[in-house]
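Participant: Counted the way our numbering counts, the sequence shown spans residues 47 to 177.
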Amino acid sequence: MKKILLLLVIVSLIGCGQNNEEYINNVIKDTKANISFPYEGELAIWSDIINENDRNLVFVYYTHVENKSVLDKLLVDYEIDHASIIRSYKSDPLAKGLYERNINLIFRYYNEDQRNLLLLENIIKPTDWGF
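1. So what does R154 bridge to, in DSSP terms?
2. Considering only the beta carbon of each residue, do D38 and L166 sit closer than 8 Å?
3. Where do the ends of the alpha helix (DSSP H) carrying I131 lie?
4. Rank I152, D159, I70 and V73 by C-alpha distance to the C-alpha of V104 and give the top, closest one.
5. Tell me, which residues are paired with N97 by DSSP?
6. On the DSSP bridge assignment, give the partners of E86 in chain order.
7. So the alpha helix (DSSP H) E68 belongs to, where does it begin and stop?
8. Once you ignore the five residues that flank N148 on each side, which residues in its own chain have a CB closer than 7 Å to its CB?
9. Starting from the C-beta of T109, find all residues in its chain whose C-beta is less than 8 Å away, skip the five residues before and the five after it, and write them out in chain order.
10. Out of curiosity, what's the CA-to-CA distance linking S130 and N168?
11. Taking 8 Å as the cut-off, decide whether the C-beta atoms of N24 and I74 are in contact.
12. Could you check what DSSP says for G143 in three-state terms: helix, strand or coil?
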């Protein structure tokens, strides 16, 4: 996960002067050029990264975990929960770019077997970065 977000930091550096649609789409394009999807992690499979209405950069994951409370605990254990992401990446240019453009960073975790079952949605709003 940290490797992936570091890649996004590099991608965000080229986003100066773009509107939200262009910025998000360039992050997605460059990410997909550098990472083969699906990308299998320890806790979940990163299935996609999408632009949602030019307001949200959404990471889509599928996990074998079937219970929201168990998933919440595992995200903390793996340091990919809401607070850990903000603490770890606040100084990265991607966070600043999302903040300046008022773009939400969203992590959606779906059940791997019941693909329509949303287990958890972690939304990092621009104001959460604390700039």
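Positions of the beta carbon are idealized from the N, C-alpha and C atoms, including for glycine.
Owing to the predicted nature of the structure, the values given are computational and were not obtained by experimental measurement.
Facilitator: Taking the coordinates as given:
1. As a position in the sequence shown, residue 154 is number 108, starting the count at 1. In the DSSP output, where bridge partners are listed per residue, R154 has V106 and E167.
2. The question about residue 38 has no answer, for the chain in this structure spans 47 to 177.
3. One-based indexing of the sequence shown puts residue 131 at position 85. Looking at the DSSP string, the run of the alpha helix (DSSP H) that includes I131 is H128 to Y135.
4. In the sequence shown, the residue the question calls residue 104 occupies position 58. Comparing Cα-Cα distances from V104 to each of I152, D159, I70 and V73, the minimum goes to I152.
5. Here residue 97 is taken as the residue at index 51 of the sequence shown, counted from 1. DSSP, once it has assigned bridges, lists L103 as partnering N97.
6. Taking the first residue of the sequence shown as 1, we reach residue 86 at position 40. E86 is bridged to I91.
7. In the sequence shown, residue 68 corresponds to position 22, counting from 1. Here the alpha helix (DSSP H) through E68 covers N66 to N80.
8. Position 102 of the sequence shown, counted from the start, is the residue given in the question as residue 148. Same-chain partners within the cutoff: P172.
9. Locating residue 109 in the sequence shown gives position 63, counting from the first residue. Answer for T109: L89, A90, I91, L117, Y155, Y156, N157, E158 and L165, listed in chain order.
10. The residue you call residue 130 lines up with position 84 of the sequence shown. The residue you call residue 168 lines up with position 122 of the sequence shown. Using only the alpha carbons, I get a separation of about 12 Å.
11. The displayed coordinates of the chain run from 47 to 177. Any statement about residue 24 would go beyond what the structure contains.
12. Position 97 of the sequence shown, counted from the first residue, corresponds to residue 143. In the structure shown, G143 sits in a helix (DSSP, three-state: H, G or I).
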